[in-house]
Amino acid sequence: MHKNKILAFSGLFSFMMLGIAVVNTTKQNERNLKILPKDISDAKLDSIMHSYNKALGVTCNFCHAKPVVLAFGARDTLDYASDKEPMKENARDMMRMTIEMNAKYFHYDKNQKPEYLTTITCIMCHKGEPMPPGFH
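Here it is in structure tokens:
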């Protein structure tokens, strides 16, 4: 009888942990891309985001919403799909501006160089600061 209780508890615990893993995986894979291509690879997306970190001297939580509580009290790192953080829309506006300036003032072939790989980049104005110098 004691062995059955241990087996039942182990099965229930495993099922709960699997549920947490599924919820966490689903949450991490959610995307809310409005400027970058929807089919961009995770590696390319991470590379672009890390370039923004460097250009603005910020971490991911500058634009992405703070941690969310998942099933059973587990916490995710950041809610990347959320639009709650106002700086995220500001970042999108900056991306649109950069794309527009590159399209207007610099000739390039989209087949050779997609529009999210730009000639003008964030670091040109931001110089490693969250706000461009003199903009405060």
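Quick note on our numbering: the sequence shown kicks off at 23 and runs consecutively. Positions of the beta carbon are idealized from the N, C-alpha and C atoms, including for glycine.
Apart from sequence neighbours up to five positions away, the residues of its chain that approach glycine 150 with a beta-carbon distance below 8 Å are Lys76, Ala77, Leu78, Gly79, ordered along the chain.
Between the C-alpha atoms of methionine 123 and isoleucine 142 there is a straight-line separation of about 8 Å. Serine 63 and lysine 25 have their C-alpha atoms some 48 Å from each other. In this structure, leucine 100 places its C-beta atom within 7 Å of the C-beta atom of asparagine 83. In chain order, Pro154 place their CB closer than 6 Å to the CB of cysteine 147, counting only its own chain and leaving out the 5 sequence neighbours on each side.
For threonine 99, there is no enclosing alpha helix (DSSP H), as DSSP marks it with neither H nor E. With a threshold of 16 other beta carbon atoms within 10 Å, methionine 117 meets it and is buried. Inter-residue distance for lysine 106 and proline 89 is about 12 Å (C-alpha atoms, whole angstroms). Valine 80 is not bridged by DSSP to any residue. Counting along the chain, the unbroken alpha helix (DSSP H) around alanine 113 starts and ends at 108 to 127.
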